[in-house]
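Data block below; observations after.
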Ligand code: KG4
Ligand code: ZN
């Protein structure tokens, strides 16, 4: 059965809209990021996020369909993120998606945001084959997941405190950078002097596959306050912090590969847009028999294409949501 799916992502501060065709792939997508809106607060303000989702979602759907020369009648299914995420923001996409599906008399399906991230590398060529190991690193999650098939997820390890992206954002704020901080830290780190500061590699001495990033953030703060009036220290801290996060991610991934004996490692989530992390993973792939897969950078951060893809897989299996508009702001991956 051929399907053309409209995907709607509104779980946080990005509005992502896409059309995915089950045989031709992503036909088009658009993302609007509410950067300026939250900048002055140093983080996402939930109420502002949901109000902006209301303003953007419907016009963006109209615009994308018109850009693709499609009508709503050309769509045979709608996928919308229903969790995890900010309740108000989720409610916008879920309400619009569910109502559109009802009005058009086509199936609608609520998608798990992290499942969508996990499956995003499937949009690339070559795509990984099940089973694989997935490292999901975003602003809300840091987790290692064994993926045996659609809906067959086992969390092997996760952050016990802050997510890696969250630590990037908080450290960036401390150093005086705008939100989101990941790209700014990466940029500042380019001017940093390697090994002037050496940050700890959290959790690597302990067995297991869990992560911890709140200590690194504190370490960055202490180093920062010890070096006032030293502009170079900002770049050096950015570099030391980035190195510590990447090292800890690499160490845990290698450990997980060894424990699971899987030979495909898939990366997903916003932090995967980090070039140094991608380079380090590429080097690892070259020096081992592990194959590493990344989504293209625009599909690493929140987007509608990954939601359309995940929804399409579920709709093709015959799954459908009832008419009720139901969101799940907290939704463990294993319960998908
Ligand atoms: O997946 P995502 O767009 O949203 C969530 O679901 O959280 O991830 C956003 C996170 C932010 O914390 C941002 O700082 C981080 O990804 N990020 C980066 C980079 N680009 C985005 N972190 C490090 N380096 C980057 N280049
Ligand atoms: Zn995300």
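Residue numbers (our numbering): 911 to 1246. Here a beta-carbon is modelled for each residue, glycine too, at the ideal position from N, C-alpha and C.
Helix, strand or coil for residue i per DSSP?
i, result
"residue 1042", "strand"
"residue 989", "strand"
"residue 1002", "helix"
"residue 1134", "helix"
"residue 1204", "coil"
"residue 1217", "helix"
"residue 919", "strand"
"residue 937", "strand"
"residue 1253", "There is no way to answer for residue 1253, as the model of the chain reaches only from 911 to 1246."
"residue 1194", "helix"
"residue 1234", "coil"
"residue 959", "helix"
"residue 1244", "helix"
"residue 1007", "helix"
"residue 981", "coil"
"residue 1079", "helix"
"residue 1211", "coil"
"residue 994", "coil"
"residue 1073", "coil"
"residue 1188", "helix"
"residue 1224", "helix"
"residue 1239", "coil"
With distance defined between alpha-carbon atoms, name the residue in the options nearest to residue i.
i, options, result
"residue 1031", "1202, 1132, 1244", "1202"
"residue 1152", "1206, 923, 1080", "1080"
"residue 1041", "1027, 1049, 1064, 1125", "1064"
"residue 1224", "981, 987, 1191, 1055", "987"
"residue 959", "971, 1231, 1056, 945", "945"
"residue 1001", "1021, 1017, 1085", "1021"
"residue 937", "966, 974, 1196", "974"
"residue 1054", "1086, 1067, 1130, 1146", "1067"
"residue 1006", "1038, 1241, 966", "966"
"residue 1069", "1085, 1114, 1082", "1114"
"residue 918", "949, 993, 933", "993"
"residue 1043", "1034, 1028, 996, 1214", "1028"
"residue 1212", "941, 912, 933, 931", "941"
"residue 1120", "1158, 1135, 1109", "1158"
"residue 1183", "1170, 1198, 1164, 1156", "1156"
"residue 971", "1215, 1233, 1240", "1215"
"residue 1173", "1180, 1092, 1185, 1198", "1198"
"residue 1208", "1060, 1228, 1185, 1194", "1185"
"residue 1085", "1139, 1045, 1049, 1175", "1139"
"residue 1205", "1219, 1118, 1194", "1219"
"residue 1087", "1154, 1129, 948, 1010", "948"
Residue i: beta carbon under 7 Å from a heavy atom of ligand 1?
i, result
"residue 920", "no"
"residue 1239", "no"
"residue 1031", "no"
"residue 1076", "yes"
"residue 1125", "no"
"residue 1184", "yes"
"residue 1093", "yes"
"residue 1166", "no"
"residue 1079", "yes"
"residue 1143", "no"
"residue 1096", "yes"
"residue 1205", "no"
"residue 1242", "no"
"residue 1038", "no"
"residue 1090", "yes"
When DSSP builds the beta bridges, which residues end up paired with residue i?
i, result
"residue 942", "925"
"residue 1176", "1044, 1203"
"residue 931", "914, 935"
Please find out if some non-hydrogen atom of ligand 2 comes closer than 7 Å to the beta-carbon of residue i.
i, result
"residue 1027", "yes"
"residue 1009", "no"
"residue 1180", "yes"
"residue 1023", "yes"
"residue 1048", "yes"
"residue 923", "no"
"residue 1212", "yes"
Does any CB atom of chain C fall closer than 8 Å to the CB of residue i?
i, result
"residue 1034", "No chain C appears in this structure, which consists of one protein chain only."
*Output the residue ranges of the beta strand (DSSP E) runs that lie fully inside the region 1012-1071 and measure 3 residues or longer, sorted by chain position.*
1018-1022, 1042-1047, 1052-1059, 1062-1068
_Runs of 3 residues minimum, wholly inside the region 1088-1174: which ones carry the beta strand (DSSP E) assignment?_
none
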